[in-house]
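What follows is a set of notes on a single structure, which appears directly below.
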Ligand SMILES: [Zn+2]
Ligand SMILES: [Zn+2]
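In my numbering, the protein residues as written are 4 to 244.
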């Protein structure tokens with residue numbers, strides 16, 4: 004750390020100490036006690052119909068031919084206020100360091116599932132304009148944490164270059180109409196030409212899912228490029244209604 008950065012950190016720590024977002028204890032953004040209080044999702048539904056209960060959020064038989072995604076693991080419920088708060092501070096108050104407690108939740112959840120071990124961990128990319136605005140890609144930070152910490156003693160392959168985002172799409176939350184959402188996202192991504200995804204099992208990582216259309220689109224183009232299976236993991240999903 005440079006001297007200027009050290010001074011900057013010292014001033015921040017002295018006048019604006021970091022406090023646990025849940026209990027206000029000084030020292031970290033989420034203290035260990037509050038971290039253990041966050042409950043992981045136990046029951047999962049098919050990511051497409053959002054009705055059928057399936058193991059680890061796999062796509063149900065009835066939806067298998069509708070989308071390319073093999074399953075989506077939703078780590079926590081948005082209904083837990085700490086979860087909603089952590090996500091909000093991570094995404095909109097730009098607290099980059101929150102990727103650690105959030106990443107820990109993803110690791111803990113994934114370790115409890117039976118989905119096949121991925122050959123590649125791929126974050127959903129941000130459009131370069133949005134990346135400049137936020138300063139970091141929140142999904143890439145989570146994917147990195149996951150790739151480094153899922154296995155003891157070895158790392159999964161993290162590939163941030165596989166998916167390319169061409170267009171800046173309006174946030175999905177603001178587009179209510181189903182077809183408008185689909186055309187908003189169609190063609191927004193492509194797969195790096197020599198990405199070597201053939202016959203690979205890929206784990207897509209995103210912070211939150213709403214309609215799911217971003218993840219469905221990424222899965223679709225990865226399958227077209229030859230991927231064997233595509234699963235996704237998100238912290239939470241904002242469900243219908
Ligand atoms: Zn706390
Ligand atoms: Zn279904």
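Backbone N, C-alpha and C fix where the C-beta goes; we use that ideal spot for every residue, glycine too.
Residue(s) in a DSSP beta bridge with residue i
| i | result |
| --- | --- |
| residue 14 | Answer is none; residue 14 lacks a bridge partner. |
| residue 124 | 161, 206 |
| residue 168 | 192 |
| residue 212 | 240 |
With 16 other Cβ atoms within 10 Å as the buried cut-off, status of residue i
| i | result |
| --- | --- |
| residue 68 | exposed |
| residue 190 | exposed |
| residue 79 | buried |
| residue 312 | The first residue shown for the chain is 4 and the last is 244, placing residue 312 beyond what the model contains. |
| residue 220 | buried |
| residue 202 | exposed |
| residue 6 | exposed |
| residue 42 | exposed |
| residue 23 | buried |
| residue 209 | buried |
| residue 247 | For residue 247 there is no data in the structure shown, the boundaries of the chain being 4 and 244. |
| residue 120 | exposed |
Specify whether the region 119-132 and the region 153-165 touch according to this definition: at least 3 beta carbon pairs, one from each stretch, less than 8 angstroms apart. yes
With distances taken from each beta carbon to the nearest heavy atom of ligand 1, which residues come in below 6 angstroms, in chain order? 23, 25, 26, 28, 34, 36, 37
Which runs of the alpha helix (DSSP H), 4 residues or longer, sit entirely within the region 39-108? 84-95
Tell me which residues pass a beta-carbon proximity test against ligand 2: closer than 7 angstroms to any heavy atom, given in chain order. 49, 51, 52, 54, 55, 62, 63, 65, 66
Does the region 94-105 touch the region 52-60, meaning 3 or more C-beta pairs lie closer than 8 angstroms? no
Contact between the region 126-143 and the region 109-116: three or more CB pairs below 8 angstroms? no
Determine, using beta-carbon pairs with one atom in the region 200-214 and one in the region 226-236, whether at least three such pairs fall under 8 angstroms. yes
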